[in-house]
Each structure stands twice: as structure tokens, then as C-alpha cells.
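What follows is a single structure, written as C-alpha cells, with notes after it.
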Amino acid sequence: MRITEKDNNIILEEMESFDIEQILECGQCFHFEQLDVKEYVIVAKRHLLHIKQINDQIIFFQTSMETFHTVWRPYFDLDRNYNEIKSWLITNEKTLLNRSAELEKAITEYGGIRILNQDFFETLISFIISQNKQIPHIKQIINTISIKYGDLAGEICGKSYYHFPTLLQLAKVTENELRLCKTGFRAPYIVDACEKLLKEIVLESRLLHADSNQTMEELMLIKGVGIKVASCVALFSLSQRNVFPIDVWVKRIMEKIYFEKETKKEEIASLAKQLYGSFGGYAQQYLFYYARENNIKVDER
DNA sequence: GGCCAGGGGGTGT
DNA sequence: ACACCCCATGGC
Numbered sequence: 001m002r003i004t005e006k007d008n009n010i011i012l013e014e015m016e017s018f019d020i021e022q023i024l025e026c027g028q029c030f031h032f033e034q035l036d037v038k039e040y041v042i043v044a045k046r047h048l049l050h051i052k053q054i055n056d057q058i059i060f061f062q063t064s065m066e067t068f069h070t071v072w073r074p075y076f077d078l079d080r081n082y083n084e085i086k087s088w089l090i091t092n093e094k095t096l097l098n099r100s101a102e103l104e105k106a107i108t109e110y111g112g113i114r115i116l117n118q119d120f121f122e123t124l125i126s127f128i129i130s131q132n133k134q135i136p137h138i139k140q141i142i143n144t145i146s147i148k149y150g151d152l153a154g155e156i157c158g159k160s161y162y163h164f165p166t167l168l169q170l171a172k173v174t175e176n177e178l179r180l181c182k183t184g185f186r187a188p189y190i191v192d193a194c195e196k197l198l199k200e201i202v203l204e205s206r207l208l209h210a211d212s213n214q215t216m217e218e219l220m221l222i223k224g225v226g227i228k229v230a231s232c233v234a235l236f237s238l239s240q241r242n243v244f245p246i247d248v249w250v251k252r253i254m255e256k257i258y259f260e261k262e263t264k265k266e267e268i269a270s271l272a273k274q275l276y277g278s279f280g281g282y283a284q285q286y287l288f289y290y291a292r293e294n295n296i297k298v299d300e301r
């Protein structure tokens, strides 16, 4: 990785395993907007980022060296060696025994994915909202909530962007107000999440030191948080990279690769743990993106 | 353990 | 125009 500063922009070069489009469009985050091909605005970590990738050159517009190192370097997981992870996922003894051309293709074609280290509160609420919804709609709702209840983050190309509200800001919003943001039956779940966080029944600082089973158990105290939502929160905002969230797409692609028939999520989770071990979260992202991009359907099992 | 509601936009026909 | 689907969960 080579980092240079020019005209108040940071230019990142020689960065392996980094494709800004794959990183943002793989479904792990929702608070961003595409401006052009591989050019995006991201609102995250109480900062606003205008970023563009041209081949192997990644430009962080109007970003100081300090902000790059303290905010974006950890956010984009830049200090992790993804080549080692990808290579291990394909060549460990378990995956060699159950070789899959599709897993290998997923990792090769979508090898530019990185798992972002996102904000805990925003990730929790975002994945509560995500249930039974499509990505464009999730993005729209998060945008509406941010504009109505969050602080102004800044302006890029003449357009204003807003932070996702903090816990204290969102805790003041009523269930009915949340319904007006098209959250539907998830509105009381969001209210319950804010209450449990305020009462410290669920506490981020405790989860950061917990293992993934304890984390899931604590997160699932919140109404509307089941295994899928809890595992996304653990993976995307608590650095628990062993968890393997199973949604309809991952279920389909796992069934196609390893089972060739309809299979219970518990059984899929058990196999994923055996095959991918502590790198389950990475495998899940490659497989999810592969399944969605190739529109894997049930009858293709 | 299986079934179904609950909002509303996406997508295909 | 219309049916079916969606990064699920709670509650029966």
C-alpha cells in the first residue's frame, strides 16, 4: 500500500484486494450513494467521504492524512491481508475435500470485497430495517431517517448529506414517526432496540469482549433481532469475522454447491463452520455477492 | 415445527 | 395490470 497526499486528496496505490464497487454493493452497508462508475459518497463514522477508484488508484477526495489514518484506514480494514484469507478459504483441508468451482469463482471474481468496520448502532438499526426488504428500499429508509433525525454531515457536489442519528437522537423518535419513514412492522423493533441500549441491557463495550455466541444471545434480547440480524451486526460492526449470516441468497448458493436440495439453515451453518472456520464471514460475503450477481435461483439447486 | 402477517418498492410477465 | 419476491422475526 502506498499513500500519497496531493491537493488535499489522499491517493492510495498498490492496494491489493480493493474494489470500491464490490465493497459497497456487496450488501454489508447501505448509507452511500453512487455518483459515477466506481465513484461514491459514503456517510460513515461521523464523517463524509467522496471516493473514486480508477484501476488501482483510489482517491479519497478532500481528506487529511490524519482522517485517512484514524477513520478510513480502519473502516476499510486496510491492514488485513485478504490474499491470505482468500487463499486459505480455497486451500484448507476441509474445502479441498469438498472442492467447489463456484466458491473458487466467487472468491476470484469478487476478490475486491473487504469487510467494513462499521458503527455498531447504525449497523444494528440498519439490519433490523433490512429484514424482508430489498437493498434499494433499505437504503431509501436509512436515508429518510438520517435526513429527518440526523445531523448535517456536509455537502458534496452541491448535495447535502446527513449522518445516521445517534442513539440519543433516535431514542426520542416515536413508533408512529418511524412508521412514516416506511419502516412498517419494524418500527416497534427500532423503539425496543433504543430502549435496551439506553438501559444497557445490550451494551456495545461488553459485546466487544464477548465471543460470538454470547454476542448473538445478547443482541437477540432485542425484539426483531433474530439469528440473521444478530450475525450481521456481529460480523459488520463487532469484528466477529467467524460468523456466517444465512439469508435467502446464501442459503440458495450453499444448497446448490454442497447439498443439491432444500436444507435447513442449522445444517448449512454447521457445514459453513466446518469448512470456513474463523473466516466464515469472509466466505459469506464472497458467496452472497456471487449468488446475487448471478441471480442464483431455487430451481438451480 | 409449520404457517402467516406486516409495508412497500423491485422485478418480471 | 398483476403476481411474486425481498440479506426475517414473532407469535400463534
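Using the UniProt record's numbering, read the first sequence as starting at 1 and increasing by one per residue.
Backbone N, C-alpha and C fix where the C-beta goes; we use that ideal spot for every residue, glycine too.
Counting C-beta atoms within 10 angstroms of its own C-beta, Cys157 has fewer than 16 neighbours from the protein chains shown and is therefore classed as exposed.
By the CB criterion at 8 Å, Ala44 and Gln140 fall outside the cutoff.
The residue from Asp56, Ser160 and Ala193 with its alpha-carbon nearest to that of Ile11 is Asp56.
For secondary structure counted as the alpha helix (DSSP H) over 4 or more consecutive residues, the region 143-210 holds these complete runs in sequence order: 167-171, 175-179, 187-198 and 204-207. Two segments are said to touch when three or more pairs of C-beta atoms, one from each, lie closer than 8 Å; by this definition the region 68-78 does not touch the region 176-183.
When DSSP assignments are scanned along the region 11-81, the uninterrupted stretches of beta strand (DSSP E) that are 3 or more residues long and fall wholly within it turn out to be 32-36, 39-44, 47-54 and 57-61. The region 95-102 makes no contact with the region 74-86: fewer than 3 CB pairs, one atom from each, lie closer than 8 Å.
For the pair His50 and Gln62, the CB atoms are nearer than the 8 Å cut-off. Within its own chain, the residues whose Cβ lies closer than 7 Å to the Cβ of Met220, once the five positions on either side in sequence are excluded, are Gly226 and Ala230, listed in chain order. Here the alpha carbon of Cys26 sits roughly 13 Å from the alpha carbon of Gly281.
Bridge pairing for Ile3: Leu12 [DSSP]. Per DSSP, reduced to three states, the secondary structure at Met254 is helical. Each of Leu124, Leu238, Met15 and Arg2 was checked against the Cα of Met65, and the nearest Cα belongs to Arg2.
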